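Numbering (my numbering), first residue to last: 503 to 1093.
All C-beta atoms, glycine included, are put in the ideal place defined by N, C-alpha and C.
Just so you know, these numbers come straight off a predicted model, no measurement behind them.
Heads up, the thing below is written out as structure tokens.
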Amino acid sequence: MAQSPEKPITLWSAYKRFLWVWIWPHRGKFITAVVLAMVVAIATGAFAKVTQQIVIALTEPEQAAFPLAWAPAVIILLAVVRSFATYAKQILINAAITGAAQQMQIDLYKKFLWADMATLQDEASASSAARFNNDVNIATGSAQVVFRGYSMMTIILSTLAFMVSINWQLTLAFVAVLSLAVGPILQIGKRMRRLSSRNQAQVGVVTAGVAEGLTSIRLIRTYGLEDRALDDASEDFAKLRKLKLKQVDATARIIPITELLGGVAVAALLTVIVIFLNEDENIIADFVGLLAGMGLIAPQSQRLGKIYTKMQQGVAAMARVYAVLDEEAEIVSKPGAEPLVATRGEVVFDGVSFAYPDGTLALDSVSFTVSTGQTVAFVGRSGAGKSTVFNLIPRLYDATQGRVLIDGQDVRDVTIESLREGLSLVSQDSVLLSGTLADNIRFGRPGADDAQVIAAAQAASADAFITAQPEGYATKITPEAHGLSGGQRQRMSIARAMLRDAPILLLDEPTSALDAEAEAAVRASLDRLTEGKTTLVIAHRLATILSADQIMVMDAGKIVERGTHTELLALGGIYAGLFKLQFEDAQASAL
503 MAQSPEKPIT LWSAYKRFLW VWIWPHRGKF ITAVVLAMVV AIATGAFAKV
553 TQQIVIALTE PEQAAFPLAW APAVIILLAV VRSFATYAKQ ILINAAITGA
603 AQQMQIDLYK KFLWADMATL QDEASASSAA RFNNDVNIAT GSAQVVFRGY
653 SMMTIILSTL AFMVSINWQL TLAFVAVLSL AVGPILQIGK RMRRLSSRNQ
703 AQVGVVTAGV AEGLTSIRLI RTYGLEDRAL DDASEDFAKL RKLKLKQVDA
753 TARIIPITEL LGGVAVAALL TVIVIFLNED ENIIADFVGL LAGMGLIAPQ
803 SQRLGKIYTK MQQGVAAMAR VYAVLDEEAE IVSKPGAEPL VATRGEVVFD
853 GVSFAYPDGT LALDSVSFTV STGQTVAFVG RSGAGKSTVF NLIPRLYDAT
903 QGRVLIDGQD VRDVTIESLR EGLSLVSQDS VLLSGTLADN IRFGRPGADD
953 AQVIAAAQAA SADAFITAQP EGYATKITPE AHGLSGGQRQ RMSIARAMLR
1003 DAPILLLDEP TSALDAEAEA AVRASLDRLT EGKTTLVIAH RLATILSADQ
1053 IMVMDAGKIV ERGTHTELLA LGGIYAGLFK LQFEDAQASA L
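Below, the structure is given as structure tokens:
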């Protein structure tokens, strides 16, 4: 998906947005989990103090905070509190983050559904789909890692607080040694963010490449391109593997840093203990307590370093998700737009030009009028601009110059909802969505009752094969509708348009993918559908538009010929050449 230039995103801004937009709606669970993390931290850090008191109880019983006999009960109590609080914390934070992930995916899907067509076409659908899985999973997974980091930080701070109560001078020395790891870990984290961004982009490339290979499997096998397809995919997978190895290497560097500094801290602590062994009677108890605290802090510190790198990975994923969510659609209803009043269905193109975002000119000063009830066909070579004409009428694109008018109203001045309610579409690839056969017809008018659905199916010659299905109109289908032939799917699409009963009808090569027998059945349905409607047709099979009121011949974004079939044949131009070519091909096929 084409995106506006990415706004700078920082670690703080990325997670702050995630918190307020997607976590905060689950704040009850989140806040409770935060409090429980503090309880876990206190129960964990207290082990250092309890350890010191146990040693004192062994050596100087009168100075101990509790009798030695109480020690087992105190340790069990801390363990019980810690275990139950940890369990409840995990359940609650997982519920909150899972809800956030679901809503983030919904928000992404909603953004794609309402995005401008011009921007959608800039990115492969498989690459877009990768954002729903890979990017959202990494983003929400990193949010969970952030909470884990918060939990570890509270344990570290709680343990340090108990260590300070044991011996603050030694604790400060210990912290000073460990703080030397901060700089290297920050540098590793920044590198991880760059690597993660490249890794996620490569995941999109791999996903799109695999999807392309699978959808083109028929062509690949027919032409013996399996080795080439495998080589291309292997190259993409190799790049992804290298990026992942670099990420593993960066993360692994944290371990020797923290291990080395942890060892230095213990050695420094032991040196100080030896020095002051004869000056402080409780120095051994302090040493054991601090050593217990260090044992609690060291693994948390090591994991905290890894968590920082994971957080940077999450920022890279969030940047990709936010870039989509922040993309502003340009084709929207303008403020104060009035509903379209399409009573006649007259369509006018007034000096319309259209250029794609990359500057490619698709239409060049096109003007024509389709009067009420007329059927106008558009023919021409691929890339001539026919589909662009169709895309401008429902505002899938906006003209870069000129105006598109329906019943005298500029389509940019009316609400998009009312504009599209005045249109019906039947295309060459008749799309059926998951649901029942009745549902797919009812998409034309969601509020239609069963009788209206059946009437539309009958008018489209679809009732017979629908009622022959195992469950009739209630038969469930897949989006690919493997149980229906091409002609049957097309008649379902016609039934949908029948039910919609819009004044303007767009037929985009509706019979091009059908055999002669199926085409004849669909043609009869189309004839009933077009009665009394303003109809625009794109056709490659010229035999299907011989009776059109007017035929527009397009070339290089312009209308170069116009007239009836008879007039254009007499003109002896592009249309006559196309018709002659198709007529000769038809004769050759018949022989």
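Asked	Found
Cα-Cα separation between residue 672 and residue 806, rounded to whole angstroms	22 Å
The region 533–550 in contact with the region 786–799 per 3-pair CB rule at 8 Å	yes
Whole-angstrom distance between residue 827 and residue 508, CA atom to CA atom	For residue 508, the pLDDT reaches just 47, beneath the cut-off of 50, and the residue's location in the model is therefore unreliable, leaving the point undetermined.
Cβ neighbour criterion (16 or more within 10 Å) applied to residue 651	buried
Per-residue burial, residue 589 [other beta carbons within 10 Å of its own, 16 or more giving buried]	exposed
Segment contact, 8 Å Cβ cut-off, at least three pairs: the region 923–933 with the region 954–968	no
Rounded distance between the beta-carbons of residue 994 and residue 887, thought under 8 Å	That belief does not hold up - the Cβ atoms of residue 887 and residue 994 are roughly 29 Å apart, past 8 Å.
8 Å CB neighbourhood of residue 925 in its chain, flanking five on each side removed	895, 896, 1004, 1006, 1007, 1008
First through last residue of the beta strand (DSSP E) which encompasses residue 954	Counting along the chain, residue 954 falls outside any beta strand (DSSP E), though it belongs to the alpha helix (DSSP H) covering 952–961.
Residue 565 classed as buried or exposed, judged by whether at least 16 other C-beta atoms fall within 10 angstroms	exposed
Length of the line joining the Cα atoms of residue 513 and residue 603	19 Å
Helix, strand or coil at residue 1057 according to DSSP, with G and I counted as helix	strand
Opening and closing residue of the beta strand (DSSP E) in which residue 920 lies	Careful: residue 920 lies outside any beta strand (DSSP E), inside the alpha helix (DSSP H) at 918–923.
Segment limits, beta strand (DSSP E) that includes residue 903	903–908
Residues near residue 962 in its chain [Cβ-Cβ closer than 6 Å; skip 5 each side]	993, 996, 997, 1000, 1027
Alpha helix (DSSP H) runs wholly inside the region 817–874, at least 4 long, in chain order	none
Sub-8 Å separation of residue 648 and residue 517 beta-carbons	yes
Beta-ladder partner(s) of residue 979, from DSSP	937
Best match in 1038, 800, 556 for proximity to residue 577 [C-alpha to C-alpha]	556
Pair within 8 Å by beta-carbon distance, residue 835 and residue 902	no
Stretch pair the region 831–846 + the region 658–667: three plus CB contacts closer than 8 Å	no
Distance between residue 953 and residue 945 (C-alpha atoms, nearest Å)	15 Å
Same chain, Cβ closer than 8 Å to residue 1048, five either side skipped, listed in chain order	1067
Cβ pair count under 8 Å reaching 3, the region 852–859 against the region 1035–1054	no
Rounded Cβ spacing between residue 921 and residue 1038 (contact assumed at less than 8 Å)	Wrong, their Cβ atoms sit about 15 Å apart, outside the cutoff.
Beta-carbon contacts of residue 541 that lie in its chain and below 6 Å, excluding the five residues immediately before and after	587
Residue 935 versus residue 608 - alpha carbon distance	19 Å
Local Cβ density within 10 Å of residue 585, reported as buried at 16 or more and exposed below that	exposed
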